[in-house]
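The numbers in full-length UniProt numbering rise by one with no breaks, and the one at position 19 of the sequence shown is 19.
Here a beta-carbon is modelled for each residue, glycine too, at the ideal position from N, C-alpha and C.
Structure, as structure tokens:
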Amino acid sequence: MNFAINSVILWSRKQEYPPRILPFKSRAVNIITGASRTGKSALIPIIDYCLGSDKCTIPVDVIRNACSWFGVLFDMEGEQILLCRREPGDKASTGDMFISRGKEITIPEYIEKNANVESIKNMLNELFAMSFLDLDSNASIFRPSYRDFVAFLFQPQNIVANADVLFYKADTMEHRKKLIDVFPYALGAVTPEILAKRKEFERLSKISERFQRDLDQIKTVAEGWKQEVAGWLSQAHEYGLTNYIPSDTDEFTRQVDELRTISQKRITDASVAPEHITDLSKDLAALRQEEQQISSELFSARKRHTDMLQLMQSMGKYDKSLQIQLERLDISTWIRSNLTERNILPIFQPSHENVMEDVNALCTALEHMERSTTEMVVVPAAFERELQIVQVQIQELADKLEAIQKRIIVESQALAIQREESYTMESISRFLGRIDAAISTYEHIGTDSELQAKLDEVNARIEQLKKEINESAIRRKLDYALGFLKTEMGKILTQLDVEHPDDPVEFVIKDLTVRVKSQTGRDDYLWEIGSASNWLSYHIALILALQRFFQTKSSVNVPNFIIFDQPSQVYFPRTRYFADEDTPQLNDDDKNAVRKIFDSLSSFVKNAGFDIQIIVTEHADDDIWGNIPDSCIHLVEKWRNNVKLVPIEWLE
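Dropping the structure here:
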């Protein structure tokens, strides 16, 4: 996307002075060179502030005291856009902004607010064709924004050669997490259409989980009621309200239907008969016998579970003792290797007889223990499976025992206040009332057939979305993008001052860092590699490779400019200075290393095949980068001898 910086503009608090305009070329390496404390490092915060950053990080005191407004004029395809933002004063930021858009913008002498930061953000999101949907994230839900892409544009002084942080503002957990989430979108692996389907998938998944919970609740209630309903039916049979006797083969719905029929009866329909009472007594005796049997099974299962846990602990202790013995005997292999390979006996006297036999005996014992340890590894896996089976068995038996006990309570009328009133008309009336309330509750919850149909419909759509989203295709696109970056970084690193330029290097999204494969095959992350010159080289290589991908391969619109703030700083600790401290002098090796930076940047712009603008603020002067042949380097300004970002007269 063509979105380059035409100029950076500052407006003085003293209205008699015209705006300070700092111009840049669009397809070049723009260099601002100058001494310390001239305002070089303020360039990135000014541009970021005008692009709608939440906080103003422009240095306080001199710059903010002298300026009333900050602005950036951007060149786009066939038009320009001027974005200005008021200096926030004592606040962290301000929403006051000014915007002007047209074919050719004239810098105004004075600025008055005509927009706010939120309207500017919305306008830029539309300009960058950002998806209006939310990205899916494990930790949070957020909307992708052009603001996420500034991480790829700015390399400030504290980042450009940082071993732990590769991207702008990624030194905070909030921005780091968001950048990790946005990368698949930025690399084109996740499209707006996929975002829409992921959004629907997320919504339907929550509905599916809710339906499943409701369905499970109904099944749980039904399971709990099975024994209670059977108890109620037995008691209803005792009262003469039904001739139906429940059995284990009857479906639960059949029992509920019978209970529903009973709930419609009147007290006058009750008839307490002797044979019904004796039937209940027989039923209670059978239930207590079943309770005893389940209790016995539960006790056996619990004992087996305890024994298995103790055996697992014993196995762990035995394995640990084997490891200790292995460590003690391991010296025998070292002795034998010295004896057979170099004919050296570290601890035996030369006259000692049968040394080799003793050593071989020790090594044989060691091999036997190693085999024992290896065999022990398989046993815990089998035990884990068996232990899980026993745990499930205990749970099932406990649930069954609880249900039986509930039924015993119901049928023995343990909750009755006075047992002598169990067969009175009042007691029968209360019983019918409880039955009617239970049926109402069951009907209110409903059966699972309708809910199951809805769940099946939602799950079918979820499965369809899984196929349409096609996470494996997203992974392939991501792998292609990472492979492209790997190749491009390899090309760029050969031009820079890196210790091992031929070692394969790749970008790791989940860690936001680069990983280098050493010549020995070891993977080294950026923070594990020494030397600031290496860190700087990997920063430059990745940022340039990303820019090439964005402009040639990705469908996402990312501005085509990059700003590096003082990349040569890693060489200045070894600098020798003239009497004038503003003019550093580097030794020949450092000078060649810094020259490689500008040479590689110039070569990248020249051979990019697309419009790319690079801005570099530097201490290094043109005696290093000024004589690079056929370069794309453009000197913007030299900030020395009282020439600075903020004009001197603004401060007087």
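Within this structure, are the beta carbons of Ile562 and Leu43 separated by less than 8 Å?
As a working mapping, residue 562 is identified with position 562 in the sequence shown. As a working mapping, residue 43 is identified with position 43 in the sequence shown. Not a contact, by the Cβ cut-off of 8 Å.
Using C-beta distances below 7 Å, list every residue in its chain close to Arg64, excluding the 5 sequence neighbours before and after it, in chain order.
Against the sequence shown, residue 64 aligns to sequence position 64. Hits under 7 Å: Ile58, Glu87.
Quick one: residues in its chain with C-beta nearer than 6 Å to the C-beta of Asp621, no 5 flanking neighbours on either side, listed in chain order?
Residue mapping note: residue 621 aligns to position 621 of the sequence shown, counting from 1. Once the five neighbours on either side are set aside, the close Cβ partners of Asp621 are Thr33.
Cys50 lies in the beta strand (DSSP E); which residues open and close that run?
Working through the sequence shown from its first residue, we reach residue 50 at position 50. Where Cys50 is concerned, there is no enclosing beta strand (DSSP E), although the alpha helix (DSSP H) it sits in stretches over 43 to 50.
What is the DSSP secondary structure of Met1, counted as helix, strand or coil?
Indexing the sequence shown from 1 puts residue 1 at position 1. Met1 falls in the coil class under three-state DSSP.
Would you call Lys644 buried or exposed, if buried means 16 or more other Cβ atoms sit within 10 Å of its Cβ?
Residue numbering aside, residue 644 sits at position 644 when the sequence shown is read from its first letter. That one is buried.
At a cut of 8 Å, does the segment 606 to 617 reach the segment 585 to 594 through at least three beta carbon pairs?
Contact fails: fewer than three Cβ-Cβ distances are below 8 Å.
Along the chain, where does the beta strand (DSSP E) containing Phe507 start, and where does it finish?
Working through the sequence shown from its first residue, we reach residue 507 at position 507. Per DSSP, Phe507 belongs to the beta strand (DSSP E) from 505 to 508.
To the nearest angstrom, report how far apart Leu215 and Ser205 are at their CA atoms.
Position 215 of the sequence shown, counted from the first residue, corresponds to residue 215. Position 205 of the sequence shown, counted from the first residue, corresponds to residue 205. Their backbone Cα atoms lie some 15 Å apart in a straight line.
On the three-state DSSP scale, how would you describe Asn560?
Mapped onto the sequence shown, residue 560 falls at position 560. Asn560: coil per DSSP, three-state reduction.
Who are the Cβ neighbours of residue 653 in its own chain at under 7 Å, not counting the five residues just before and after it?
The chain is shown from 1 up to 652; residue 653 falls before or after that span and cannot be answered.
Are the beta-carbon atoms of Trp639 and Lys14 separated by less than 8 Å?
As a position in the sequence shown, residue 639 is number 639, starting the count at 1. As a position in the sequence shown, residue 14 is number 14, starting the count at 1. No, the pair does not count as a contact, with Cβ atoms beyond the cut-off.
Relative to the C-alpha of Gln393, which candidate in Arg302, Ala163, Asn116 has its C-alpha closest?
To locate residue 393, count along the sequence shown from 1; it is residue 393. Out of Arg302, Ala163, Asn116, Arg302 has the C-alpha closest to the C-alpha of Gln393.
I believe Ile469 touches Ile194 by the beta-carbon criterion, under 8 Å. Please report the beta-carbon distance rounded to the nearest angstrom.
Counting from one through the sequence shown, the residue named residue 469 turns up at place 469. Counting from one through the sequence shown, the residue named residue 194 turns up at place 194. Rounded, the Cβ-Cβ distance is 6 Å, consistent with contact.
Count the CB pairs spanning the segment 510 to 523 and the segment 157 to 172 that are closer than 8 Å, and state whether there are at least three.
Touching, yes.
Work out the CA separation of Ser296 and Trp232 for me, nearest whole Å.
As a working note, residue 232 is residue 232 in the sequence shown. As a working note, residue 296 is residue 296 in the sequence shown. Trp232 and Ser296: Cα-Cα distance of roughly 27 Å.
To which residues does DSSP link His634 through a beta bridge?
In the sequence shown, residue 634 corresponds to position 634, counting from 1. His634 is bridged to Asn30.
CB-CB under 8 Å to residue 657, same chain, minus the five flanking residues each way: which ones, in chain order?
Limits of the chain in this structure are 1 at one end and 652 at the other, which puts residue 657 out of reach.
Buried or exposed for Met130, please, with buried defined as at least 16 other CB atoms from any protein chain shown within 10 angstroms of its CB.
Taking the sequence shown and counting its residues from 1, the one referred to as residue 130 is at position 130. Label assigned to Met130: buried.
What are the boundary residues of the beta strand (DSSP E) that Asp61 is part of?
As a position in the sequence shown, residue 61 is number 61, starting the count at 1. Counting along the chain, Asp61 falls outside any beta strand (DSSP E), and DSSP gives it neither H nor E.
Please state the DSSP three-state secondary structure of Tyr571.
As a first step, residue 571 is located in the sequence shown; it is residue number 571 there, counting from the start. In this structure, Tyr571 counts as helix in the three-state DSSP scheme.
Do you know how far the Cα of Ser554 is from the Cα of Met1?
Taking the first residue of the sequence shown as position 1, residue 1 is located at position 1. Taking the first residue of the sequence shown as position 1, residue 554 is located at position 554. Taking the straight line from one Cα to the other gives about 10 Å.
Let's see if you can read the secondary structure: which residues bound the alpha helix (DSSP H) around Leu485?
What you label residue 485 is simply residue 485 of the sequence shown in a count that begins at 1. Unbroken alpha helix (DSSP H) run through Leu485: 471 to 493.
What's the call for Gln155, buried or exposed, on a 16-neighbour Cβ count within 10 Å?
Along the sequence shown, read from residue 1 onward, the residue named residue 155 stands at position 155. Buried.
List the DSSP bridge partners of Lys517.
As a working note, residue 517 is residue 517 in the sequence shown. Partner(s): Asp523.
For a test of the three-state rule: what should DSSP assign to Met76, helix, strand or coil?
As a working mapping, residue 76 is identified with position 76 in the sequence shown. It is coil, neither helix nor strand.
Between which residues of its own chain and Phe68 is the CB-CB distance below 6 Å, once the five residues before and five after are set aside?
As a first step, residue 68 must be located in the sequence shown, where it is residue number 68. Checking the sequence shown, residue 68 turns out to be Ser, not Phe. Excluding residues within five positions, the ones whose Cβ falls inside 6 Å are Trp11, Arg13, Glu87.
If you follow the alpha helix (DSSP H) that Phe549 is in, where does it begin and where does it stop?
In the sequence shown, counting from the first residue as 1, residue 549 sits at position 549. Looking at the DSSP string, the run of the alpha helix (DSSP H) that includes Phe549 is 532 to 552.
First and last residue of the beta strand (DSSP E) that includes Met123?
To locate residue 123, count along the sequence shown from 1; it is residue 123. Met123 -> not in any beta strand (DSSP E); alpha helix (DSSP H) instead, spanning 117 to 127.
Would you mind reading off the limits of the alpha helix (DSSP H) that contains residue 653?
Residue numbering for the chain in the displayed model covers 1 to 652; residue 653 lies beyond these limits and cannot be assessed.
Between the Cα of Glu109 and the Cα atoms of Tyr17, Ala481, Ile120, Tyr480, which residue gives the shortest distance?
In the sequence shown, the residue the question calls residue 109 occupies position 109. Comparing Cα-Cα distances from Glu109 to each of Tyr17, Ala481, Ile120, Tyr480, the minimum goes to Tyr17.
Contact defined as beta carbons within less than 8 Å: I believe Ile615 pairs with Ile5. What is the distance between those atoms, to the nearest angstrom?
Working through the sequence shown from its first residue, we reach residue 615 at position 615. Working through the sequence shown from its first residue, we reach residue 5 at position 5. Ile615 to Ile5, Cβ: 7 Å. Contact.
For Asp96 and Lys591, what's the separation of their Cα atoms in angstroms?
Position 96 of the sequence shown, counting from 1, holds the residue named residue 96. Position 591 of the sequence shown, counting from 1, holds the residue named residue 591. In a straight line, the C-alpha of Asp96 is about 45 Å away from that of Lys591.
Using a Cβ distance threshold of 8 Å, determine whether the segment 112 to 129 contacts the segment 523 to 530, with at least three qualifying pairs required.
Result no; under three Cβ-Cβ pairs closer than 8 Å.
Mark Arg147 as exposed unless 16 or more other C-beta atoms lie within 10 angstroms of its C-beta, in which case mark it buried.
By 1-based counting over the sequence shown, the position of residue 147 is 147. The residue is buried, with at least 16 neighbouring Cβ atoms inside 10 Å.
Looking only at its own chain, which residues have a Cβ that is under 7 Å from the Cβ of Lys91, when we skip the five neighbours before and after it?
Stepping through the sequence shown from its first residue, residue 91 is reached at position 91. Around Lys91: no qualifying Cβ.
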